[in-house]
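The structure under discussion appears below in the form of structure tokens.
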Amino acid sequence: MATSNKINRRPFVATLLAQRGNALVIPGLGSPTWDCSAAGDSPEYLYSWGGMGLAVPTALGVALARPDRRVLALTGDGEMLMGIGSLGVVSAQGAKNLSILVLDNESFGETGRQTGLTSERADLCAVARGFGISRTMHVTEQGKADELASFLFKEEGPCFAVAKIALSEDPWSLPVKDGTAIARRFRIALGVEKA
Amino acid sequence: MTEETHWSDEVFREIKKREIDTVCTIPDGGLTRLLNLVKADRDMRLITLTTEEEGMGIVTGQWLGGKRSMIAMQSSGVGNCINALGLPAVMRAPCLMLVTMRGQWGEFNPWQVQMGQATRPVLEAVGVKCFPADDPKDVAPAFVGAADLAFQGGFSCAVLVSQQVIGAKGFGQK
Ligand SMILES: Cc1ncc(C[n+]2csc(CCOP(=O)(O)OP(=O)(O)O)c2C)c(N)n1
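Residue numbers (our numbering), protein chains in the order written: chain A, 1 to 195; chain B, 1 to 174.
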């Protein structure tokens, strides 16, 4: 039986990304970036190796600059909490093309699986609603990936979702780490820069 | 100084000339006039932040999408930005900051002094190019130099508007 915190992140993220269409993906540092890379490389993934807390503000910047494209911030619970106020900025700016998914393993997985602040009472969807983001979704089962994909890529934004995932140890899948290379191919894919 | 030549008006003109259409901010008293000009402009977007470091993410994201934006903050806010400044730096994204100084000249509030005195050394320690302006007439030229280096060269640049320009806040005391 699928229960809370049993979602396996790698196949879950791969299933979601297979349904993104032409959505741009801004993964948070570490694990969500490895997940994107493991699902298959794309210049439309803005890999991150640092800047903890900046996934949502960066995704907001892209979303405001490119209202013609859906933008997904794909982050972890630790990263989200460091930039939690940015949900207030997202709400105030009303970015219709922005979605946020928190892969919530209730831990700082990347740094040695230390327990995080969502493991007991904190409810991130309630926090998002408190900031005025009314469209939220809380997912605890692997089988809900298709429903979640449709929420993240088709509903009018801003949309906010939490997927309770297992605290797993996955094989390394390290993408390019040169920031200028990551930015350049992203901008070329968007037609902002010439190849 | 006359109303027409207020440094805020001159900086606003340079902002418009460069098609910078977004200003992210946590406000400061010295920024009020400029922020009101941005707010009143139908073609511009004023983004109020919860902490200044969000600005580094937003301006980088906007540049990735082909738009120009900047951040306006008080010197104390610079302290909130240091790690976040790594994002535009590693991507060579333009990061233009307009910083109004506190804790620097005739400061009434001792709580502002530590960060105010450290603002420039700390920015330079993380590679941000600083353009100080100690006189009202120097602000717009400093802004022009900073903006063009940022957008043409892909650097992080900060205009530091002295407390001598803004006027020290007296909190009603002698
Ligand atoms: C400002 C800052 N503090 C701490 C770190 C170290 N760090 C890197 S990844 C990470 C954990 C992120 O946790 P989460 O977003 O929940 O992702 P997970 O790996 O658990 O999926 C931390 C604390 C950092 N890179 N930057």
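For each residue, glycine too, the CB sits at the ideal point set by N, CA and C.
In chain order, which alpha helix (DSSP H) runs of at least 4 residues are fully inside the segment 97-166 of chain A? 124-130 and 145-154
I want to see whether chain B comes within less than 7 angstroms of Val218/A, judged by CB atoms only; does it? Look at the range of chain A in this structure, 1 to 195, and you will see that residue 218/A is not part of it.
Close beta carbons around Thr100/B, own chain, < 6 angstroms, minus the five adjacent residues each side: Sequence index remark: in the second sequence, residue 100/B carries index 100 (1-based). Correct list, in chain order: Asp28, Gly30, Leu31, Gln74, Val161 and Ile166.
I'd like to know whether the C-beta of Ser91/A is nearer than 7 angstroms to at least one C-beta of chain B. Reading the first sequence from its first residue, position 91 is the one you call residue 91/A. Chain B contact via Cβ: absent.
In terms of residue numbering, what span does the alpha helix (DSSP H) encompassing Leu16/A cover? As a first step, residue 16/A must be located in the first sequence, where it is residue number 16. That run of the alpha helix (DSSP H) goes Arg9 to Leu17.
Just checking: is the beta-carbon of Phe186/A within a distance shorter than 7 angstroms of some beta-carbon in chain B? Position 186 of the first sequence holds residue 186/A. So, interface residue.
Say yes only if the C-beta of Phe12/A is nearer than 6 angstroms to one or more non-hydrogen atoms of ligand 1, and no if none qualify. Looking up residue 12/A in the first sequence gives position 12. Answer for Phe12/A: no, Cβ out of range of ligand 1.
Which residues in the same chain as Glu124/B place their Cβ atom closer than 8 angstroms to its Cβ, once the five residues preceding and following it in sequence are excluded? As a position in the second sequence, residue 124/B is number 124, starting the count at 1. The answer, listed in chain order, is Cys130.
Roughly how many whole angstroms lie between the Cα atoms of Val62/A and Arg113/A? Numbered from its first residue, the first sequence carries residue 62/A at position 62. Numbered from its first residue, the first sequence carries residue 113/A at position 113. Cα to Cα, Val62/A sits roughly 31 angstroms from Arg113/A.
What residue range does the beta strand (DSSP E) around Gly88/A cover? Taking the first sequence and counting its residues from 1, the one referred to as residue 88/A is at position 88. Where Gly88/A is concerned, there is no enclosing beta strand (DSSP E), although the alpha helix (DSSP H) it sits in stretches over Ser86 to Gln93.
At a cut-off of 6 angstroms, is Phe108/A close to ligand 1 when judged by its beta-carbon and the heavy atoms of the ligand? Your numbering for residue 108/A matches position 108 in the first sequence. Yes, ligand 1 has a heavy atom inside 6 angstroms of this Cβ.
Specify the secondary structure class of Leu37/B as computed by DSSP and reduced to three states. By 1-based counting over the second sequence, the position of residue 37/B is 37. Leu37/B falls in the helix class under three-state DSSP.
Report yes if the C-beta of Gly85/A is less than 6 angstroms from at least one heavy atom of ligand 1; otherwise report no. Counting from one through the first sequence, the residue named residue 85/A turns up at place 85. Gly85/A: no, Cβ never under 6 angstroms from ligand 1.
Please list, in chain order, all residues of the same chain as Lys177/A whose beta carbon is under 6 angstroms from its beta carbon, the five residues on each side excluded. The count along the first sequence starts at 1 and reaches residue 177/A at position 177. So the qualifying residues of the chain are Trp49.
On a CA-only basis, which of Trp172/A, Ala59/A, Glu110/A and Leu190/A is nearest Pro158/A? Give me that one, please. Walking along the first sequence from the start, residue 158/A turns up at place 158. It is Ala59/A.
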